[in-house]
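For reference, the structure discussed in these notes is given below.
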Amino acid sequence: MSVDIVNADCSADLLTRVEAALASNTPLRIRGGGSKGFYGRAVDGAPIDTRGHRGVVSYDPSELVVSVRAGTPLADLEAVLADAGQQLACEPPHFGAGATVGGMVAAGLSGPRRPWVGAVRDFVLGCRVITGQAKHLRFGGEVMKNVAGYDLSRLMAGSLGCLGLLTEVSLKVLPLPRASASLRIAMTPATALAKFAEWGQQPLPISAACHEGEALNLRLEGGEGSVQAARERLGGEELDAGFWRELREHRLAFFADPRPLWRLSVPVHAALLDLPGDQLIDWGGAQRWLKSDAPAERIRAIATDAGGHAACFTAGMVDSPLQPLPAGLLRYHRQLKAALDPKGVFNPGRMYAEL
Amino acid sequence: MNLLYDERLDGPLTKTDRQTLLAEMRAAVPDLEILHAEEDLRPFECDGLSAYRAVPLLVVLPARIEQAAAVLRLCHARRVPVVARGAGTGLSGGALPLEQGVLLVMARFNRILELNPAGRCARVQPGVRNLAISQAAAPYGLYYAPDPSSQIACTIGGNVAENAGGVHCLKYGLTVHNLLKLEVLTIEGEPLTLGADALDAPGFDLMALFTGSEGMLGIVTEVTVKLLPTPRVARVLMASFDSVDKAGRAVGDIIAAGIIPGGLEMMDQLAIRAAEEFIHAGYPVEAEAILLCELDGVESDVQEDIARVRAVLERAGATEVSLARDEAERARFWAGRKNAFPAVGRMSPDYYCMDGTIPRRHLPRVLKGTAELAEKYGLQVANVFHAGDGNMHPLILFDANQPGELERAEALGGEILELCVAVGGTITGEHGVGREKINQMCTQFNPDEIGCFHAVKAAFDAEGLLNPGKNIPTLNRCADYGALRVHGGKLPFSELERF
Numbered sequence: 001m002s003v004d005i006v007n008a009d010c011s012a013d014l015l016t017r018v019e020a021a022l023a024s025n026t027p028l029r030i031r032g033g034g035s036k037g038f039y040g041r042a043v044d045g046a047p048i049d050t051r052g053h054r055g056v057v058s059y060d061p062s063e064l065v066v067s068v069r070a071g072t073p074l075a076d077l078e079a080v081l082a083d084a085g086q087q088l089a090c091e092p093p094h095f096g097a098g099a100t101v102g103g104m105v106a107a108g109l110s111g112p113r114r115p116w117v118g119a120v121r122d123f124v125l126g127c128r129v130i131t132g133q134a135k136h137l138r139f140g141g142e143v144m145k146n147v148a149g150y151d152l153s154r155l156m157a158g159s160l161g162c163l164g165l166l167t168e169v170s171l172k173v174l175p176l177p178r179a180s181a182s183l184r185i186a187m188t189p190a191t192a193l194a195k196f197a198e199w200g201q202q203p204l205p206i207s208a209a210c211h212e213g214e215a216l217n218l219r220l221e222g223g224e225g226s227v228q229a230a231r232e233r234l235g236g237e238e239l240d241a242g243f244w245r246e247l248r249e250h251r252l253a254f255f256a257d258p259r260p261l262w263r264l265s266v267p268v269h270a271a272l273l274d275l276p277g278d279q280l281i282d283w284g285g286a287q288r289w290l291k292s293d294a295p296a297e298r299i300r301a302i303a304t305d306a307g308g309h310a311a312c313f314t315a316g317m318v319d320s321p322l323q324p325l326p327a328g329l330l331r332y333h334r335q336l337k338a339a340l341d342p343k344g345v346f347n348p349g350r351m352y353a354e355l
Numbered sequence: 001m002n003l004l005y006d007e008r009l010d011g012p013l014t015k016t017d018r019q020t021l022l023a024e025m026r027a028a029v030p031d032l033e034i035l036h037a038e039e040d041l042r043p044f045e046c047d048g049l050s051a052y053r054a055v056p057l058l059v060v061l062p063a064r065i066e067q068a069a070a071v072l073r074l075c076h077a078r079r080v081p082v083v084a085r086g087a088g089t090g091l092s093g094g095a096l097p098l099e100q101g102v103l104l105v106m107a108r109f110n111r112i113l114e115l116n117p118a119g120r121c122a123r124v125q126p127g128v129r130n131l132a133i134s135q136a137a138a139p140y141g142l143y144y145a146p147d148p149s150s151q152i153a154c155t156i157g158g159n160v161a162e163n164a165g166g167v168h169c170l171k172y173g174l175t176v177h178n179l180l181k182l183e184v185l186t187i188e189g190e191p192l193t194l195g196a197d198a199l200d201a202p203g204f205d206l207m208a209l210f211t212g213s214e215g216m217l218g219i220v221t222e223v224t225v226k227l228l229p230t231p232r233v234a235r236v237l238m239a240s241f242d243s244v245d246k247a248g249r250a251v252g253d254i255i256a257a258g259i260i261p262g263g264l265e266m267m268d269q270l271a272i273r274a275a276e277e278f279i280h281a282g283y284p285v286e287a288e289a290i291l292l293c294e295l296d297g298v299e300s301d302v303q304e305d306i307a308r309v310r311a312v313l314e315r316a317g318a319t320e321v322s323l324a325r326d327e328a329e330r331a332r333f334w335a336g337r338k339n340a341f342p343a344v345g346r347m348s349p350d351y352y353c354m355d356g357t358i359p360r361r362h363l364p365r366v367l368k369g370t371a372e373l374a375e376k377y378g379l380q381v382a383n384v385f386h387a388g389d390g391n392m393h394p395l396i397l398f399d400a401n402q403p404g405e406l407e408r409a410e411a412l413g414g415e416i417l418e419l420c421v422a423v424g425g426t427i428t429g430e431h432g433v434g435r436e437k438i439n440q441m442c443t444q445f446n447p448d449e450i451g452c453f454h455a456v457k458a459a460f461d462a463e464g465l466l467n468p469g470k471n472i473p474t475l476n477r478c479a480d481y482g483a484l485r486v487h488g489g490k491l492p493f494s495e496l497e498r499f
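In the order they appear, the protein sequences are chains A and B.
With my numbering, the residue at position 261 of the first sequence is 261, and numbering never jumps.
With my numbering, the residue at position 315 of the second sequence is 315, and numbering never jumps.
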């Protein structure tokens, strides 16, 4: 490995901290780089920092698998992969310089490429986790296919640290595309949605599709031939590829609006939504960002009517930033939480007040 | 070792009188088709793992979801175990009935409810066959990617329960990667929606947890699958090698070159010969191993990839590389691979298919180890497998009519799986644990991990009524299995009480 990153195994310390927390019934607030602290509810608990536990445990590019400690800076992992011509294809947002791999998996947020290659969840092959019984356990593995036992490692993705303390993850990685092109075509949002639906049924090498302001932005990735052919067919003007990073990190002008930010996750074919504020369409229609002062109930009703859900991405605006669950589902969430974290020490209330 | 449910090891089950339950079922669920006569129950006594059979108490074939919910409510109230079944093609005994249990057959739910080309998804009932989805989507230029070899017959509900794979997983993922939403019933008959029509749903990812849970957490009543645009072209290269080692290394070289083939399959000499005799696919019978590499996508990219893969294969020492000239030859190349199991079946009265998955770099080591183990047990093993994702399918040849051969084949299979675990792999890549690999679970997971699985199960099914005895072994079973396999004087699970 030619990229130099820090390696340190602090799992014993983390385990000791969890043991102590269990013994004294002290809730823990799990943190890595703190870059996604805005997401979910605030946790009242003693901070436990994963960043000492870092580094790549194993990486063989020809296996397309990397195993990495949870406290590893996401930027370090990306540098290691890029050095071998590979990437985390789900393009996770950092939302800050210190973002860690554990935070990426726990938050489960994915970037512009998500509809075409899958979410963070889809790239998790295995994990190690400290449980509510103070045991350091391993689920899943380092192979592409594994159906032994329940899939607890994919369950950890997006669980916001409420089911245990992630210490290590094994992720599927993919080669960087051989060719890439980004383009911009002026059109209305409604036309863009119609185009997304049309193109989605064709084998085009689209890897990102967003409508922002007055124009549709597209990224093409694949072999030289297919990218060039699609570029010629679709027309438009060239777009700086840095746009996708700015979109992923919420650094476009749209996101500077002082109103609260909402994320609406809706079916990819949902029509243009009449939203109370400014919107940006990403994921080929499946993700709509909204800047709005409207009440949560109104925004959620629109998302639900469209077949989706809404989450508030601005901290402290609503009591339940994540869309509340139906009663039946919530009951099983509570039972699952109680099964894996019976004393409720891991990030209590981060996802929902009841968990 | 007999793998039928053993209350001593797998836990006690409620004793239920067939006639009493039949009367209650008839009263509680009007119009429900119920099989109860011995001759009607017999066809349901096993799934694709036909070495193990058990006649269920009753077979119920609901035609409406409310009937399935009512069956579950009654069984929950009476503490009667429920085993769900789709087409019964599973290879690990996941749908093996229980003598004290009801077999809930979901095959009647065979309607495609909605096909949405703009949304690139299909909403289907659980008894819809895997291939039927792709056939229905074909007029729109779309298809459903996961393609287990049983796809003509197997149902999508079963695919979800097993997290089924196929030959295209490396590029297109498993069942879990191709789902949007599940409707399920809990053992209490309570409906839950997992996942969403959107790409994600709030809360824990219970859809991922339920996928591959082998009918132990809930019963799937509806599935919304993702559909993909059908690739414009698919071409297949066949490479011959004079050693299995070289073929194994070539697999890693292709991936290292930055190419993700649509399919990358390997067969060893025994499998090649069997397939060639059966199908006449044009395989080189003198080769020690062949690789089939399918490249799919847009024409220009596929052309580029063919040139790259050909160069990699030649550098890796392939004695011959040939590109299927046309669709007919491509179909023939694949026919040999897809019929490899029945082809091997012609060579031997019985065969036993394993499903371990390993990190690819260990392919040569595991193939060598498998050959040595086969020699030790005096049995032949043919290797046909998904090389691209390290998913091995050693086929153990045996004759069940020869006393002791089945037991020897199972013991050999068990050791092969333990070898897979030893190199960092898993006992099952796509067939599931079911009943077949219940003991090997004790090798792959420690008692605390198994305890965690039981806790998850209890969160959804506190009384353990859904498919008991499958997928997750009891710690008693692991202790008993460990007692048979004492290594170096040290007993695994030594903290457990002994019987």
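All residues carry an ideal CB built from backbone N, CA and C; glycine is no exception.
Keep in mind it's a predicted model, so treat the numbers as computed, not measured.
Say whether the region 268-277 of chain A touches the region 290-302 of chain A, bearing in mind that this needs 3 or more beta-carbon pairs closer than 8 Å, one atom from each stretch.
With the cut-off at 8 Å, the region 268-277 of chain A and the region 290-302 of chain A touch.
Which residues in chain B have a C-beta closer than 7 Å to the C-beta of Asn146/A? List them in chain order.
Contact annotation for Asn146/A against chain B: Thr357, Thr426 and Gly429 [CB-CB distance below 7 Å, chain order].
C-beta contact flag for Val120/A and Met104/A at 8 Å:
The Cβ atoms of Val120/A and Met104/A sit closer than 8 Å to each other.
Quick one: what's got a C-beta closer than 8 Å to Glu63/A's C-beta in the same chain, skipping five residues either side?
Cβ neighbours of Glu63/A beyond the five flanking positions: Glu142.
Between the region 146-178 of chain B and chain A, which residues of the former have CB atoms less than 8 Å from a CB of the latter, in chain order?
For the region 146-178 of chain B, the beta-carbon criterion of a distance under 8 Å to any beta-carbon of chain A is satisfied by Glu162, Asn163, Gly165, Cys169, Leu170, Gly173, Leu174, Val176 and His177.
Which residues share a DSSP beta bridge with His386/B?
His386/B has Asn391/B as its beta-bridge partners, per DSSP.
According to DSSP, what are the bridge partners of Glu426/B?
A small fix is needed here, since residue 426/B is Thr in this sequence, not Glu. BP columns for Thr426/B point to Thr357/B.
Close Cβ partners of Val500/B (< 6 Å) along its chain, the five nearest in sequence each way excluded:
In the structure displayed, chain B extends from 1 to 499; residue 500/B sits before or after that span and is not available.
Put Asn217/A into one of helix, strand or coil per three-state DSSP.
Strand.
Along chain B, which residues have their Cβ under 9 Å away from the Cβ of Phe346/A?
Neighbours of Phe346/A on chain B: none; closest Cβ ~13 Å, over 9 Å.
Could you check the C-alpha separation between Ile416/B and Gly369/B for me, to the nearest Å?
Roughly 8 Å separates the two Cα atoms.
Could you please give me the residues that DSSP links to Gln279/A through a beta bridge?
Assignment of beta-bridge partners to Gln279/A by DSSP yields Leu290/A.
Could you tell me the alpha carbon to alpha carbon distance between Val160/B and Gly71/A, rounded to whole angstroms?
Computed Cα separation, rounded: 33 Å.
What is the DSSP secondary structure of Ser300/B, reduced to helix, strand or coil?
Secondary structure of Ser300/B (DSSP, three-state): helix.
For the candidate residues Cys75/B, Ser300/B, Arg42/B and Ala316/B, whose alpha-carbon lies nearest to that of Thr16/B?
Cα-wise, what sits closest to Thr16/B is Cys75/B.
Secondary structure of Cys169/B, DSSP reduced to three states
The answer is helix: DSSP assigns Cys169/B an H, G or I state.
Establish whether the CB of Asp350/B and some CB of chain A are separated by less than 8 Å.
It does not: the Cβ of Asp350/B has no partner Cβ on chain A nearer than 8 Å.
Beta-carbon separation of Leu340/A and Gly40/A under 8 Å?
Not in contact: Leu340/A and Gly40/A (Cβ atoms no closer than 8 Å).
Short of 6 Å in beta carbon distance, which residues of its chain neighbour Ser356/A, apart from the five on each side in sequence? Order them along the chain.
What is shown of chain A runs 1 to 355, which leaves residue 356/A out entirely.
Spell out whether any CB of chain B is found under 8 Å from the CB atom of Leu216/A.
So, not an interface residue.
Counting only beta-carbon atoms, is Ala208/B nearer than 8 Å to chain A?
For Ala208/B, at least one C-beta of chain A is nearer than 8 Å to its own C-beta.
Chain B partners of His309/A, CB-CB under 9 Å?
Neighbours of His309/A in chain B, taken as residues whose beta carbon is under 9 Å from its own, are Ala196, Ala198, Asp200, Ala201 and Pro202 in chain order.
Restricting to runs no shorter than 3 residues, where is the beta strand (DSSP E) found entirely within the region 136-197 of chain A?
136-140, 165-172 and 179-186, all fully within the region 136-197 of chain A.
Whose Cβ in chain A lies nearer than 9 Å to the Cβ of Gln444/B?
Chain A residues near Gln444/B: Gly141, Ala148 and Gly149.
Quick one: residues in its chain with C-beta nearer than 6 Å to the C-beta of Met187/A, no 5 flanking neighbours on either side, listed in chain order?
Contacts found: Leu216.
Which residues of the region 279-293 of chain A have a Cβ closer than 9 Å to any Cβ of chain B? Give them in chain order.
Residues passing the 9 Å Cβ filter: Trp283, Ala286 and Gln287.
Would you verify that the beta carbon of Asp31/B is, or is not, closer than 8 Å to some beta carbon of chain A?
Output row for Asp31/B: interface = no.
Identify the continuous alpha helix (DSSP H) that holds Lys437/B and give its terminal residues.
Unbroken run through Lys437/B: none, as it is neither H nor E.
8 Å Cβ shell around Arg73/B - same chain, five flanking residues per side excluded:
Within the same chain, Ala28, Glu188 and Gly189 come within 8 Å of Arg73/B by CB-CB distance, once the 5 residues on both sides are set aside.
How would you call Ser494/B, buried or exposed, if buried means at least 16 neighbouring beta carbons within 10 angstroms?
Because the pLDDT of Ser494/B is 41, which lies under 50, any placement of that residue in the model is unreliable, and the number read from its coordinates should be weighed accordingly. Exposed.
With respect to the beta strand (DSSP E) encompassing Glu188/B, which residues constitute its N-terminal and C-terminal limits?
No beta strand (DSSP E) holds Glu188/B; DSSP gives it neither H nor E.
Between Arg219/A and Trp244/A, is the Cβ-Cβ spacing less than 8 Å?
Between Arg219/A and Trp244/A, the gap from beta carbon to beta carbon is short of 8 Å.
State yes or no: is the C-beta of Arg361/B within less than 8 Å of the C-beta of Asp60/A?
Here Arg361/B is near Asp60/A, since their CB atoms are less than 8 Å apart.
Roughly how many angstroms lie between the CA atoms of Gly111/A and Ala209/A, to the nearest whole one?
Gly111/A and Ala209/A have their C-alpha atoms roughly 11 Å apart.
Here's the rule I'm using: 16 or more other beta-carbon atoms within 10 Å means buried, otherwise exposed. How should Leu98/B be labelled?
Buried: at least 16 other Cβ atoms inside 10 Å.
Environment of Ala23/B [buried if 16+ CB atoms lie within 10 Å]
Ala23/B counts as exposed, since fewer than 16 other C-beta atoms from the protein chains shown sit within 10 angstroms of its C-beta.
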